[in-house]
Structure formats: structure tokens, C-alpha cells
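Shown next, in C-alpha cells, is the structure this report addresses.
Chains as they are written, first to last, in my numbering: chain A, 0 to 353; chain B, 0 to 353.
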């Protein structure tokens with residue numbers, strides 16, 4: 000019998016992209032697809048592959064008969080409900096931060112460590128955070144060839160990483176400031192937002208995003224670090240299987256709707272050239288090389304948003320650091336950075352239940 | 000007699016900020032202030048410290064009697080005219096890229112290497128590029144205390160780095176896209192700009208800036224590097240007096256009007272703690288520490304634009320790299336990044352001519 004797939008959080012920002020992805024697949028291995036969301040969204044109708052499905056409320060019984068349950072919900076909902084789904088016999092593929100660093104939960108990027116899915120003592124597999132995921136296909140491919148040792152990363156993160164609320168906020172801010180000649184005096188953007196009924200206190204972000212960049216992502220974790228920066232470090236180590244990988248990350252929110260970008264400075268154990276790196280990227284089906292800087296060709300978020308691959312450009316040998324590449328990478332944080340990677344894990348699991 | 004100051008490029012983007020700075024000073028050491036610009040702008044009246052001055056056209060004679068001539072003009076104009084000013088007896092303080100790496104021209108940031116102004120065999124002193132300058136007060140202070148060895152930098156550069164044309168372009172782009180729900184599909188921003196009569200081909204930037212970041216600044220210099228990235232390396236080495244400083248920079252344009260930001264990963268010869276770094280920054284009059292991440296306090300460009308100091312926050316010890324700090328720095332690229340530093344050099348020279 001074909002496996003039963005459940006999608007928990009079907010009506011959220013990532014859930015909506017997940018349904019797009021399922022609808023876009025040529026074929027799917029699923030018998031039934033079950034949409035699960037909060038009681039508030041239950042009863043809503045959503046068309047999936049030509050069939051109108053009714054969203055059901057989250058409950059233990061909702062997982063009965065489910066083989067694979069994908070979770071696109073906040074950490075605390077996953078923390079409570081992924082184990083319930085697992086106890087009902089489903090494999091939970093969780094896109095929250097609740098289980099990523101749990102030793103008994105594999106953290107999987109299929110093109111990097113697909114082999115890890117089989118060992119899942121808790122019946123849970125975790126999907127990495129979107130910032131880490133945005134560079135992982137590229138880094139994993141380089142690591143296989145050159146052995147990664149050190150990573151210094153600065154991010155340019157899209158507002159949709161903070162969900163629909165983040166996107167709505169950026170749109171509202173830009174409408175409020177456009178055409179007013181702002182951004183030239185300290186506080187003028189902040190004042191204009193207040194005047195437009197958009198005080199920073201009501202924003203999901205701690206500062207204006209219009210005409211601004213904000214060096215803060217996630218919650219404060221002590222010693223100067225925000226959670227997103229520590230996730231990049233800890234999740235990269237776990238996914239790549241390099242427990243002593245040296246990592247420093249600075250995570251910065253920028254006024255981009257969707258698609259995270261990262262400036263990556265990566266040092267390897269072995270010699271690496273631009274030519275060799277290009278070959279590695281070209282051989283990786285989920286990486287697209289966009290790298291002709293002489294002709295102004297490089298990836299930018301607005302040019303690649305909505306795509307599945309990881310886009311890589313600006314590849315160059317660091318002038319003063321041996322065995323080191325600098326490059327720029329863009330990945331859609333809602334697709335590969337969230338929904339797509341989760342779905343790819345589910346697809347990989349499907350044959351077990353067929 | 001009080002020295003005569005000339006401002007070449009008085010009507011440009013940086014020149015305008017320069018006049019603001021001169022007007023904002025409590026006292027100035029100048030006898031005469033002479034405004035010089037292209038023939039097109041000659042005759043224009045500009046009020047400087049309560050006096051209406053008439054802009055004169057650039058000519059060799061315009062420098063007669065001038066002691067210090069500040070140049071805020073494109074590279075090729077400086078390359079031609081700074082030596083002419085010098086041959087007429089003025090010291091040229093040049094904000095272009097024409098002479099920065101010339102061995103016979105000092106490259107000066109007063110709070111870092113003020114002592115270099117006295118040796119100027121060509122009669123020219125160069126002002127660093129705005130990206131390097133935006134972090135130099137902070138790095139110079141740290142270097143004195145801990146001895147800088149390595150620098151990995153990613154920039155978030157404002158559009159005014161590309162002059163008034165860059166600012167006008169960002170404003171026009173945002174007006175064209177605001178309220179349209181764009182940035183969610185590859186190319187939708189580009190298409191909207193084309194539909195609004197703003198094709199990328201007409202932009203000073205090689206891609207959209209609205210809802211985007213662009214990993215390109217300056218001209219292409221080979222081996223994957225753009226000029227701005229090489230300037231950060233070469234100028235940092237020269238200003239700090241560390242010819243073998245290891246530097247990797249990735250320069251990225253962001254939709255911010257004015258104020259460059261940089262994510263800095265700096266490795267020192269000696270042990271460095273956050274507390275020690277805070278002390279160094281607090282002791283540096285031109286640096287303002289904005290660093291209470293637990294309470295969401297850090298510098299952002301829109302919150303500090305228009306200010307003279309270098310704003311530093313997010314200071315933390317790298318977890319895996321010895322003697323290494325990560326921090327985030329914001330500096331107004333038109334003030335300290337251009338006009339202010341040039342003027343500070345001129346102020347430092349004034350007593351020589353009094």
C-alpha cells in the first residue's frame with residue numbers, strides 16, 4: 000500500500016510552500032495526503048494535486064494510519080506533538096528547532112547525509128534551520144572533496160524567515176516610507192514608521208527593516224550570541240559530521256522578502272582552486288553555479304527566489320589564507336531552506352512504507 | 000595669516016556633506032574658503048558659515064593662494080587635478096581612489112596614523128575608501144592594543160556609495176515596487192522595474208536593489224575579485240601599517256541609503272576578551288559602543304546615519320578561533336567614510352599654514 004503522508008501546519012507560511020512543492024511534483028509516492036493544522040484552521044479546504052482536502056485539527060488521532068508526518072510548526076508545538084505522532088507509529092520529519100541538536104535525532108540534508116535517516120530511535124528526523132540549509136548543499140559538496148576545517152559566515156537573511164508576519168511587516172514599512180526621501184538622518188525611518196502607525200514595538204523585528212539591516216536573528220543566548228548564529232555553528236557541525244569544525248557566524252536581517260544569502264569564507268584541509276570548486280558545484284545536481292563576475296553575473300536573492308537549488312557565485316581563492324575559498328550563496332529559505340528539504344526527507348523515507 | 004581652504008567638487012554628494020560639516024563646526028581655522036566645481040556648476044551660490052560663496056570653475060588659477068585643497072571628485076578628475084593643485088603650492092587631500100596606493104602618498108585616518116601626514120613628497124594626502132574607513136577607527140584602536148593579524152569582512156554597503164545617482168535609483172525602485180507584494184518569485188522585481196521604466200540597464204547597479212542585495216561593488220579586477228574588496232585589503236594594510244595583514248572581504252550592496260555596515264571577524268596576536276575590547280572602544284573618542292544584545296541594543300544604519308562616530312556592537316569572542324573577535328560596525332559613508340575624514344585631515348594640517 001502506498002504510504003500515508005501528513006502535513007502538520009498546512010496553513011502556515013512554510014506549509015503553504017510545502018503544498019506548492021507537492022503540487023509541482025511530477026509524481027508522488029503517497030496514498031493519502033492528510034492536512035493537519037490548529038483547531039482554528041480545521042475545516043478549511045485546500046486543493047492538493049487536484050483533490051480538495053479538508054484540514055483536520057491537530058489531535059493524537061489525526062496521526063492514526065500516518066506513515067510520515069511533516070511538521071512545519073513552532074518549536075513548542077513540535078516539541079509536544081512530534082513525539083505523539085511517533086508514538087502513533089509515524090516518522091516525524093520536523094522543521095522546528097525542537098529536536099535538531101538531540102543526539103537521538105538525525106539532522107538531515109539528503110544530498111549531504113542521506114544515510115543518517117535510518118537511525119531514528121525517537122521516530123523523529125530533524126530538518127536544519129533555514130540559514131544553515133541555504134549553504135549546506137554547496138558546503139557539503141566541497142567538504143567531500145576538500146575536507147572542511149573552518150567557516151566564517153555573514154548572512155543576509157530574508158524577512159520571511161520570521162514567517163508571514165515578517166513579510167507583512169516589510170511590505171507595510173516600505174509602503175510607509177517609499178517616496179519620502181528617508182534614510183538620510185538618524186531615526187527618520189523610525190519616526191516615519193511611528194507616524195504611519197507602525198512603531199518598532201509592534202514589529203517582529205527589533206529595528207526598522209526599511210532602508211536598514213539588522214544584526215540580530217533569533218533569541219539572545221548569552222556571551223553576545225543570538226540563537227541563529229549558534230544554530231549555524233552547531234547544525235553545520237552535526238550535518239557535516241565534523242564535531243570540531245571551527246565556525247563563526249554573524250546573522251543579519253535584510254529587507255529581502257524571501258531567499259537567504261551568505262558570504263562564506265571556508266578553509267579546507269586540502270588545496271582548493273576556483274576551477275576545482277567550479278567542477279564540484281557543477282557535479283552537484285542541487286547546486287547552480289552563477290559565476291561570471293567579469294560580466295556582472297552572480298546570484299542575487301530577487302533573481303533566484305522561488306527556485307529549488309542552492310545558487311553559488313563569486314567563487315574566489317582567498318588571497319592571504321591557504322586552502323580557502325570565499326563565495327556567495329543564495330537559497331530560497333522557504334523552499335530548500337524549509338519545506339523542500341523536509342519533503343525531500345519524506346520522499347527518501349517513502350519506499351520503507353510502500 | 001589664516002590658511003586658505005579649497006573644496007573641489009563642492010556641489011557633489013560628498014561635497015554637500017562637506018559643507019554641512021564645515022557649517023556644523025564650532026570654529027574653523029580658515030581664512031578664506033573657496034568652492035570649486037565643474038564649469039557647469041560655476042556661478043552657483045552656496046552659503047558657508049553665514050557667508051554666500053560663489054562656486055568657481057576648476058582651473059589651475061583656481062588654486063592660486065590655496066593652502067589646502069580637498070578633492071571630492073571622481074578618480075580621473077583627481078588624477079589630473081590634485082597634482083596641479085600641488086604644483087600651485089596647495090596640499091591636496093584627495094578622497095578619490097587615484098592615489099591611495101601610491102607609495103609617495105600617505106593614506107590617512109587621523110585617529111589611526113595621524114603621524115603620516117607630514118611625509119607627502121607629492122603634496123598629496125589620500126583619504127581611504129568609505130568601506131575601509133567605516134571600520135578603521137574601531138580596528139585601529141583594537142590593533143594598538145592586541146596587534147591585528149587577520150581580517151575576514153562582509154559588508155552591507157549603502158547605495159550613496161555610488162553617489163546621488165545611487166540614492167535616486169533606490170528611491171525610484173522602492174516607489175515602483177512598494178505595495179505590490181513583490182520579491183516572492185524570481186524576476187518579479189526586475190519585471191516590475193522594467194514596467195515602471197526603470198530597467199536594470201539604466202541603473203548604476205548591476206541588479207535590482209529593491210527587495211535585494213547585490214554581491215558586487217566597484218569594478219571587476221580579475222580572479223573573482225571586485226575593486227572594493229581589494230581596496231579593503233590593500234588600504235587596511237597601508238593605514239594600519241601591517242603589510243602582511245591577512246584579509247578576505249566580500250562587499251555587498253544593500254537597500255540602505257547611507258551608512259555602511261560590516262560584519263568583522265578579526266584575529267589578533269594577543270588574547271582578547273569582550274571586556275577588554277569594550278574598554279578599548281570606550282577609550283576611543285570617535286567610536287560609540289552600542290552593545291547590549293540581551294536588550295536588543297546594537298547599531299543599525301538607519302539608527303545612526305548622519306552621525307560622525309563609528310558605531311560598534313555585537314562584540315563577541317569567536318567560539319572556535321583563538322584571540323578572535325566578531326563584531327558589527329556601522330559608519331556613515333558620506334561623513335567619516337568620506338567628507339569628515341578628509342576634513343579632519345585638513346584640520347590637522349591647518350596649523351602648518353597659520
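Even for Gly, the Cβ is constructed at its ideal location relative to N, Cα and C.
Within chain A, the residues that residue i reaches when beta carbons sit closer than 7 Å
{"i": "residue 264 of chain B", "result": "151, 247"}
{"i": "residue 185 of chain B", "result": "302, 303, 304, 305, 306"}
{"i": "residue 325 of chain B", "result": "247, 249"}
Exposed unless 16 or more other CB atoms sit within 10 angstroms - verdict on residue i
{"i": "residue 282 of chain B", "result": "exposed"}
{"i": "residue 94 of chain B", "result": "buried"}
{"i": "residue 58 of chain B", "result": "exposed"}
{"i": "residue 187 of chain B", "result": "buried"}
{"i": "residue 117 of chain B", "result": "exposed"}
{"i": "residue 270 of chain B", "result": "exposed"}
{"i": "residue 302 of chain B", "result": "buried"}
{"i": "residue 325 of chain A", "result": "buried"}
{"i": "residue 0 of chain A", "result": "exposed"}
{"i": "residue 222 of chain A", "result": "exposed"}
{"i": "residue 353 of chain B", "result": "exposed"}
{"i": "residue 312 of chain A", "result": "buried"}
{"i": "residue 274 of chain A", "result": "exposed"}
{"i": "residue 10 of chain A", "result": "buried"}
{"i": "residue 63 of chain A", "result": "exposed"}
{"i": "residue 42 of chain B", "result": "exposed"}
{"i": "residue 249 of chain B", "result": "buried"}
{"i": "residue 40 of chain B", "result": "buried"}
Residue from the options with nearest C-alpha to residue i
{"i": "residue 290 of chain B", "options": "A:102, A:195, A:59, A:219", "result": "A:219"}
{"i": "residue 217 of chain A", "options": "A:325, A:251, A:194", "result": "A:251"}
{"i": "residue 54 of chain B", "options": "B:35, B:63, B:61", "result": "B:35"}
{"i": "residue 5 of chain B", "options": "B:277, B:88, B:211", "result": "B:88"}
{"i": "residue 102 of chain B", "options": "B:115, B:66, B:192, B:229", "result": "B:115"}
{"i": "residue 112 of chain B", "options": "B:351, B:343, B:192, B:352", "result": "B:343"}
{"i": "residue 317 of chain B", "options": "A:81, A:22, A:351, A:247", "result": "A:247"}
{"i": "residue 341 of chain B", "options": "B:215, B:123, B:300", "result": "B:123"}
{"i": "residue 210 of chain A", "options": "A:223, A:224, A:190, A:222", "result": "A:190"}
{"i": "residue 350 of chain A", "options": "A:27, A:23, A:18, A:8", "result": "A:27"}
{"i": "residue 255 of chain B", "options": "B:195, B:165, B:82", "result": "B:165"}
{"i": "residue 253 of chain B", "options": "A:225, A:280, A:245, A:213", "result": "A:213"}
{"i": "residue 215 of chain B", "options": "A:327, A:229, A:63", "result": "A:327"}
{"i": "residue 378 of chain A", "options": "A:61, A:96, A:38", "result": "Nothing can be reported for residue 378 of chain A: it is not among the residues displayed for chain A, which extend from 0 to 353."}
{"i": "residue 245 of chain A", "options": "B:230, B:278, B:323", "result": "B:323"}
Interface partners of residue i on chain A, CB under 9 Å
{"i": "residue 318 of chain B", "result": "222, 224, 229, 232, 245, 246, 247"}
Interface residues of chain B facing residue i [CB-CB closer than 7 Å]
{"i": "residue 173 of chain A", "result": "173, 177"}
{"i": "residue 293 of chain A", "result": "219"}
{"i": "residue 170 of chain A", "result": "180"}
{"i": "residue 211 of chain A", "result": "255, 299, 300, 301"}
Assumed close pair residue i, residue j - CB separation to whole angstroms, cut-off 8 Å
{"i": "residue 147 of chain A", "j": "residue 108 of chain A", "result": "Their Cβ separation, rounded to whole angstroms, is 14 Å, which puts residue 147 of chain A and residue 108 of chain A out of contact at 8 Å."}
{"i": "residue 33 of chain B", "j": "residue 65 of chain B", "result": "6 Å"}
{"i": "residue 170 of chain A", "j": "residue 260 of chain A", "result": "Rounded, the Cβ-Cβ distance is 20 Å, inconsistent with contact."}
{"i": "residue 104 of chain B", "j": "residue 98 of chain B", "result": "4 Å"}
{"i": "residue 257 of chain A", "j": "residue 137 of chain A", "result": "Incorrect: roughly 19 Å between the Cβ atoms, too far for contact."}
{"i": "residue 173 of chain B", "j": "residue 173 of chain A", "result": "6 Å"}
{"i": "residue 192 of chain A", "j": "residue 207 of chain A", "result": "6 Å"}
{"i": "residue 3 of chain A", "j": "residue 304 of chain B", "result": "Contact flag wrong, Cβ pair sits at about 55 Å."}
Interface partners of residue i on chain B, CB under 9 Å
{"i": "residue 207 of chain A", "result": "299, 301, 302"}
{"i": "residue 189 of chain A", "result": "301, 302"}
{"i": "residue 202 of chain A", "result": "Neighbours of residue 202 of chain A on chain B: none; closest Cβ ~11 Å, over 9 Å."}
{"i": "residue 260 of chain A", "result": "212, 214, 251"}
Residue i: contacting residues in chain A (beta-carbon distance under 8 Å)
{"i": "residue 273 of chain B", "result": "222, 223"}
{"i": "residue 314 of chain B", "result": "223"}
{"i": "residue 155 of chain B", "result": "155, 212, 251, 253"}
_Does the structure place the stretch 329 to 337 of chain A close enough to the stretch 39 to 52 of chain B that three or more beta carbon pairs sit under 8 Å?_
no
*Pair every Cβ in the stretch 142 to 159 of chain B with every Cβ in the stretch 241 to 256 of chain B, then say whether three or more of these pairs are closer than 8 Å.*
Yes, the stretch 142 to 159 of chain B is in contact with the stretch 241 to 256 of chain B.
*Is it true that the stretch 184 to 203 of chain A meets the stretch 225 to 238 of chain A, where meeting means three or more beta-carbon pairs spaced less than 8 Å apart?*
no
*Touch check for the stretch 251 to 270 of chain A and the stretch 146 to 162 of chain A: three-plus C-beta pairs under 8 Å?*
yes
_Meets three-Cβ-pair contact criterion under 8 Å: the stretch 68 to 82 of chain A and the stretch 319 to 326 of chain A_ = no
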